[in-house]
Structures are given as structure tokens and as C-alpha cells.
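Numbering (UniProt numbering), first residue to last: 1 to 170.
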């Protein structure tokens with residue numbers, strides 16, 4: 001499924017369940033929300049996206065503790081979950097938050113080059129119970145990696161909705 005199909009599918013799921021979503025995007029730099037915004041009528045379900053590309057922006061905009069970034073790095077499961085938690089806290093109309101961080105290269109250390117973290121958190125869910133996963137991207141160039149990462153974020157949001165509402169999943 002291509003990225004636009006993922007966006008349409010997520011838009012349908014959000015509308016079917018009348019749920020609103022917000023994103024915290026680092027390595028995708030707004031591509032996830034921009035892709036979802038290409039779907040007509042999405043403004044009813046898409047609250048927005050905090051594009052927090054740099055560490056200082058993560059700290060200033062979404063209150064990520066500098067000590068957390070220093071200890072675990074900005075590209076880690078813990079920081080990703082904090083991004084999701086904090087963007088959800090700041091977006092009272094959202095039901096669901098999805099955050100993404102990653103190293104897309106070309107200057108990333110080899111062991112983390114092409115690795116992203118995606119975190120999904122529902123309002124009222126304990127952060128300890130939130131879904132977060134590391135994914136090693138298959139694409140090798142930066143633009144393809146951003147597109148692949150955005151598709152994974154959209155897919156994880158779709159899967160989270162399907163898990164929460166299994167009787168009506170597609």
C-alpha cells in the first residue's frame with residue numbers, strides 16, 4: 001500500500017470511529033500530517049502536528065527533559081513515547097497521538113542509520129502501556145526513507161485504531 005492509500009485508510013478509520021489524531025514528528029518533518037491533510041475532509045479528524053526536528057525544539061515545544069535526551073538520545077523509545085504523551089497533553093481535542101523520531105542519514109552512526117521509532121498513545125492510556133517500536137527502514141536515500149517512515153507512522157495509527165475497535169476493522 002502506498003503512502004496516499006495509507007492516508008486515505010487512516011482518514012476513513014478516524015471518521016468511522018469519530019476520533020481525532022495529533023502527531024509529533026521529528027525525522028518526517030511534517031510529511032505524515034501533510035500527507036494525511038491531502039485527504040478531503042480530514043480537518044475534522046486531524047488536529048495537527050508538532051514538527052520537532054531538533055533536540056532543543058523537542059525540549060522547548062514539547063517539554064522533553066534535556067536529561068532524558070542526554071541519557072537515551074533523541075532517537076529512542078523513551079523520547080518517542082514522551083513526545084506522544086506531551087503532544088497529546090497539549091492537544092485537548094485529540095484522542096490519539098503518534099510520534100516518530102529517527103536517523104535518516106547520511107551522517108548517522110552505522111548501527112542506527114535508517115532506524116526510526118514510532119510511538120502510539122491514546123488519551124487515558126498509561127504511557128507504560130503505549131505501543132512503541134523500532135523499525136529499520138529498507139530505503140537507502142533520505143527522501144525515500146522519509147516517505148517510508150511516514151507510511152509506517154500512518155500504518156501504525158491504522159493498526160492502533162483496528163486494535164481498539166476490532167469489530168469494525170477493515
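The C-beta atom is built at its ideal place from N, Cα and C for all residues, glycine as well.
Comparing alpha-carbon positions, which option in the options lies nearest residue i?
i, options, result
"residue 31", "16, 20, 54, 7", "7"
"residue 107", "141, 55, 18, 57", "141"
"residue 2", "21, 130, 152, 94", "152"
"residue 42", "10, 64, 59", "10"
"residue 124", "45, 150, 89", "89"
"residue 105", "22, 27, 23, 13", "27"
"residue 24", "162, 163, 68, 154", "154"
"residue 160", "55, 47, 66, 121", "121"
"residue 147", "15, 17, 12, 29", "29"
"residue 77", "40, 51, 135, 110", "135"
"residue 46", "164, 13, 129", "13"
Could you tell me whether the Cβ of residue i comes closer than 7 Å to any Cβ of chain B?
i, result
"residue 113", "No chain B is present in this structure, which holds just one protein chain."
State yes or no: is the C-beta of residue i within less than 7 Å of the C-beta of residue j?
i, j, result
"residue 74", "residue 101", "yes"
"residue 62", "residue 83", "yes"
"residue 80", "residue 132", "yes"
"residue 98", "residue 157", "yes"
"residue 91", "residue 39", "no"
"residue 35", "residue 150", "yes"
Determine the burial state of residue i: buried for a count of at least 16 other Cβ atoms within 10 Å of its Cβ, exposed for fewer.
i, result
"residue 5", "exposed"
"residue 119", "buried"
"residue 145", "buried"
"residue 85", "buried"
"residue 93", "exposed"
"residue 170", "Low confidence applies here, because residue 170 scores a pLDDT of 48, under 50, leaving its location unreliable; read the following figure in that light. Residue 170 comes out exposed."
"residue 33", "buried"
"residue 138", "exposed"
"residue 44", "exposed"
"residue 117", "buried"
"residue 49", "buried"
"residue 166", "exposed"
- Unbroken alpha helix (DSSP H) runs of length 4 or more, entirely within the UniProt domain "CinA C-terminal" (7 to 151): which are they? Runs of the alpha helix (DSSP H) lying entirely within the UniProt domain "CinA C-terminal" (7 to 151), each at least 4 residues long, are 31 to 36, 55 to 62, 66 to 72, 77 to 89 in chain order.
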